[in-house]
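The sequence shown begins at 256 in our numbering and counts up by one.
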Amino acid sequence: MGQNQLHGKVPSLKSLISLEELVLAINHLGSGGIGDLTFLCVLTNATRLGTLQIQMNTFGGMLPQCIANLSSLRYFHVNEIKIFGSIPNGFGNLVNLESVSLYGNRFSGNKLQGNVLSTLAQCHNLIILALEDNDFNGIVSQEIRGSLPQDIGKLINLEFLDISGNKLFGEIPPSLGSCIKLEYLDMHGNFFQGKIPSSLESLRGHGTNQRSFQECNCHISGGGNSKLCGGIPEFHLPKCRFQHKRELSPTLKLIISLVFGILGVILVLTFLYLQFLRRGKKESASSDSDKFLKVSYQSLLKATDAFSSTNLIGMGSFGSVYKGVLEDGGTTIAIKVFNLVRRGAYKSFTAECEALKNIRHRNLVKVLSVCSGSDYRGNDFKALIYEFMVNGSLEEWLHPAGTNGEINDRQSSLTFCQRLNIAIHVAMALEYLHHHCETPIVHCDLKPSNVLLGDDMIGHVGDFGLAKFLPITSQTSSGNQSSSLGIKGTIDYTPPGT
């Protein structure tokens, strides 16, 4: 029924189940509306339909999805009917196709849901493929955006290929040279660039065996692609002035992106980690300074009522210990004031500060702060501020009468369990000093008066004025042997643990 004056809507062809050819070309069928091509869906009942030619009519709309179900189709011509939209999914499943003509329409490549050229690569029987004058300017290939796919080389029986007048770009794939039966190749009017692949020289044309492409009677056109160069003489293109850099494959691009992405993440994490460490050091330094009470000579003077004898709670070799109450918060403290007139007092102050600055243990007297300056007379003033132990020293509990015969205010003696617990507390403190400090410390003056008891009767070792630091090298070289040579405490007294 081709080349008549037929017009109007195509009626239902549902009953034509034995139809083998449908030729409606060169008429005035259709109204240009969206539903003009719905009659094609009933043709799926015609299981022997091999030819469908509806070109050069006034059909409108889009190709229906049911086209992909015409499995016996060999010739499919829908050129110059101004249909638009996307090529149906599954179009490439029509593996019996020998001739496909879609030229002169408004198919939009950037709307492609099926991969036109890559999908048609499955149609190994394809001889004629006419796609000229469409708008395949988007994702033509899932692999190489906007360029001819490598799969084009699978169409080994292809004799006619026209993709002119589209908006394809990129390089011409070398696999096109695998279509050795090509007699007609038209790519003009696109945006291809780069060098013409030398593989096109292997094109022989139909009916030839060993002749090169130049020797066969073939048509080839590549004009209109201003960025193409070199290649076979039939293209009449300028020589390439430089070797075009080969574009990286998508896989390599992905690998490079992942590598740089991972390196970027590592650099960011490293930077954040260094910032965290730097901030931690600052916070540690500030916390170390903040955790100590800020006291001055004037505040200690007020706390002890000018170091009144009524607040004197103990005396040692290098100074006196006073009880005081700070005005800020009413904290009760013990202040050890060093008598700097005594020989060795400076050394004792320095040794105790050095020993206490880095040690922390529940059975050691907690140092709260230090005061180093001048008194109201301008003399040097050194003092250590400790946590106040409400139950005094172990000496007071073991010897209530004291060394001068005076009776202290302790109303009861220690029970056996309390004595045992205090001994354990002292042993735990010594074990920490000897084995768990960065530099082992020997107390050198452990005695009952230097063991202080808190309100829960927990023992705390104090007074590190004679403490010695034991070098690790000497500790390890001595093995299991121990010696008290050079380690002296109170005169005529050798304390345990030395």
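Ideal placement from N, C-alpha and C gives every residue a C-beta, glycine not left out.
Predicted, not measured: the structure shown is a model, and the values here were computed from it.
- Task: Look at the alpha carbon of residue 596 and the alpha carbon of residue 522, and state the distance between them as a whole number of angstroms.
- Result: Stepping through the sequence shown from its first residue, residue 596 is reached at position 341. Stepping through the sequence shown from its first residue, residue 522 is reached at position 267. If I take the Cα positions, the gap works out to 59 Å.
- Query: Using the beta-carbon count (16 or more within 10 Å), is residue 617 buried or exposed?
  - Reply: In the sequence shown, counting from the first residue as 1, residue 617 sits at position 362. Classification for residue 617: exposed.
- Message: Count Cβ pairs between the stretch 705-712 and the stretch 673-693 that sit closer than 8 Å; are there 3 or more?
- Response: Touching, yes, given that three or more Cβ pairs across the two stretches are closer than 8 Å.
- Message: Checking 8 Å against the spacing of the C-beta atoms, do residue 336 and residue 355 come in under that value?
- Response: As a working mapping, residue 336 is identified with position 81 in the sequence shown. As a working mapping, residue 355 is identified with position 100 in the sequence shown. In terms of Cβ geometry, residue 336 and residue 355 do not form a close pair [threshold 8 Å].
- Query: Quick one: what's residue 575 bridged to in DSSP?
  - Reply: Start at 1 with the first residue of the sequence shown, and residue 575 comes out as number 320. 570 and 592, per the DSSP bridge assignment.
- Item | residue 426 beta carbon less than 8 Å from that of residue 402 | As a first step, residue 402 must be located in the sequence shown, where it is residue number 147. As a first step, residue 426 must be located in the sequence shown, where it is residue number 171. Yes, the pair counts as a contact, with Cβ atoms nearer than the cut-off.
- Message: Nearest by alpha-carbon distance to residue 378: which of 359, 413 and 358 is it?
- Response: In the sequence shown, residue 378 corresponds to position 123, counting from 1. Selected option, being the one with the closest Cα: 413.
- Message: Just to confirm the assignment, what range does the beta strand (DSSP E) spanning residue 446 have?
- Response: For this step, residue 446 is matched to residue 191 along the sequence shown. Residues 446-450.
- Measuring alpha carbon to alpha carbon, tell me which of 417, 405, 649 and 264 ends up nearest residue 291. As a working note, residue 291 is residue 36 in the sequence shown. Nearest to residue 291 by C-alpha distance, out of 417, 405, 649 and 264, is 264.
- Query: Going by the beta-carbon positions, is the gap between residue 324 and residue 299 smaller than 8 Å?
  - Reply: Residue mapping note: residue 324 aligns to position 69 of the sequence shown, counting from 1. Residue mapping note: residue 299 aligns to position 44 of the sequence shown, counting from 1. Between residue 324 and residue 299, the C-beta gap is smaller than 8 Å, which places the two residues in contact.
- Message: Tell me the DSSP secondary structure of residue 553 in three-state form.
- Response: Here residue 553 refers to the residue found at position 298 when the sequence shown is read from its first residue. The three-state reading of DSSP puts residue 553 in helix, counting H, G and I together.
- Message: DSSP has residue 707 in a bridge; who is on the other side?
- Response: Numbered from its first residue, the sequence shown carries residue 707 at position 452. BP columns for residue 707 point to 648 and 715.
- Query: First and last residue of the beta strand (DSSP E) that includes residue 637?
  - Reply: Numbered from its first residue, the sequence shown carries residue 637 at position 382. Per DSSP, the unbroken beta strand (DSSP E) holding residue 637 starts and ends at 635-642.
- Please go through the same chain and pick out, in chain order, the residues whose beta-carbon is closer than 6 Å to the beta-carbon of residue 688, but skip the five residues on each side of it. Here residue 688 refers to the residue found at position 433 when the sequence shown is read from its first residue. Taken in chain order, the residues that qualify are 696.
- Query: Residues in its own chain within less than 7 Å of residue 573 by CB, not counting five upstream and five downstream?
  - Reply: One-based indexing of the sequence shown puts residue 573 at position 318. If we look at residue 573 and ignore the five residues flanking it on each side, its Cβ neighbours are 593, 594, 597, 599, 600, 603 and 720.
- Assign residue 299 to one of three DSSP states: helix, strand, or coil. Residue mapping note: residue 299 aligns to position 44 of the sequence shown, counting from 1. Here residue 299 carries a helix assignment [DSSP, helix/strand/coil].
- Message: Within the continuous beta strand (DSSP E) that includes residue 350, where are the two ends?
- Response: Residue 350 sits at position 95 when you count from the first residue of the sequence shown. That residue, residue 350, is in no beta strand (DSSP E); it is neither H nor E in DSSP.
- Query: Run through DSSP, which three-state label would residue 330 get?
  - Reply: For this step, residue 330 is matched to residue 75 along the sequence shown. In this structure, residue 330 counts as strand in the three-state DSSP scheme.
- Item | Assumed close pair residue 559, residue 577 - CB separation to whole angstroms, cut-off 8 Å | Here residue 559 refers to the residue found at position 304 when the sequence shown is read from its first residue. Here residue 577 refers to the residue found at position 322 when the sequence shown is read from its first residue. Sure, about 5 Å apart at Cβ, within 8 Å.
- Message: Suppose contacts are defined by Cβ-Cβ distances below 8 Å. Is residue 311 in contact with residue 289 by that definition?
- Response: In the sequence shown, counting from the first residue as 1, residue 311 sits at position 56. In the sequence shown, counting from the first residue as 1, residue 289 sits at position 34. Residue 311 places its beta carbon 8 Å or farther from that of residue 289.
- Task: Counting only the same chain and skipping the five closest in sequence on each side, list residues whose C-beta sits under 7 Å from that of residue 352.
- Result: Taking the first residue of the sequence shown as 1, we reach residue 352 at position 97. 328, 329, 331, 378, 380 and 381.
- Message: Going by DSSP in three states, residue 373 sits in which element: helix, strand or coil?
- Response: Indexing the sequence shown from 1 puts residue 373 at position 118. In the structure shown, residue 373 sits in a helix (DSSP, three-state: H, G or I).
- Query: Between the C-alpha atoms of residue 261 and residue 358, what's the straight-line distance to the nearest angstrom?
  - Reply: Residue mapping note: residue 261 aligns to position 6 of the sequence shown, counting from 1. Residue mapping note: residue 358 aligns to position 103 of the sequence shown, counting from 1. As the crow flies, the alpha-carbon of residue 261 is around 22 Å from that of residue 358.
- Query: With C-beta atoms as the reference, is residue 376 less than 8 Å away from residue 409?
  - Reply: Taking the first residue of the sequence shown as 1, we reach residue 376 at position 121. Taking the first residue of the sequence shown as 1, we reach residue 409 at position 154. Closer than 8 Å, so yes.
- Message: Mapping the DSSP letters down to three states, classify residue 385 as helix, strand or coil.
- Response: Here residue 385 refers to the residue found at position 130 of the sequence shown. Under the three-state reduction of DSSP, residue 385 is assigned to strand.
- Whole-angstrom distance between residue 568 and residue 760, CA atom to CA atom: The structure shown has nothing for residue 760, since the chain only spans 256 to 753.
- So what's residue 409 in DSSP terms, helix, strand or just coil? Counted from its first residue, the sequence shown places residue 409 at position 154. It is helical.
- From residue 346 to residue 326, what does the alpha carbon distance come to, in whole angstroms? One-based indexing of the sequence shown puts residue 346 at position 91. One-based indexing of the sequence shown puts residue 326 at position 71. Straight-line measurement puts the Cα of residue 326 at about 10 Å from the Cα of residue 346.
- Message: Considering Cα atoms alone, identify which of 512, 424, 406 and 387 is closest to residue 416.
- Response: Translated into the one-based positions of the sequence shown, residue 416 becomes position 161. Taking each of 512, 424, 406 and 387 in turn and checking the Cα distance to residue 416, the smallest one comes out for 387.
- Message: Can you look up residue 689 in the DSSP assignment and give me helix, strand or coil?
- Response: Mapped onto the sequence shown, residue 689 falls at position 434. It is helical.
- Contact set for residue 316: own chain, Cβ-Cβ below 7 Å, skip 5 residues either direction: In the sequence shown, the residue the question calls residue 316 occupies position 61. If we look at residue 316 and ignore the five residues flanking it on each side, its Cβ neighbours are 288, 289, 290, 291, 292 and 338.
- Task: Please go through the same chain and pick out, in chain order, the residues whose beta-carbon is closer than 6 Å to the beta-carbon of residue 308, but skip the five residues on each side of it.
- Result: Taking the first residue of the sequence shown as position 1, residue 308 is located at position 53. The residues 278, 280 and 332, in chain order, have a CB closer than 6 Å to that of residue 308 in the same chain once the five nearest residues on each side in sequence are set aside.
- Task: Check the C-beta distance from residue 313 over to residue 285 and give it rounded, since I have them as a contact under 8 Å.
- Result: Counted from its first residue, the sequence shown places residue 313 at position 58. Counted from its first residue, the sequence shown places residue 285 at position 30. With a Cβ gap of about 5 Å, residue 313 and residue 285 count as contacting.
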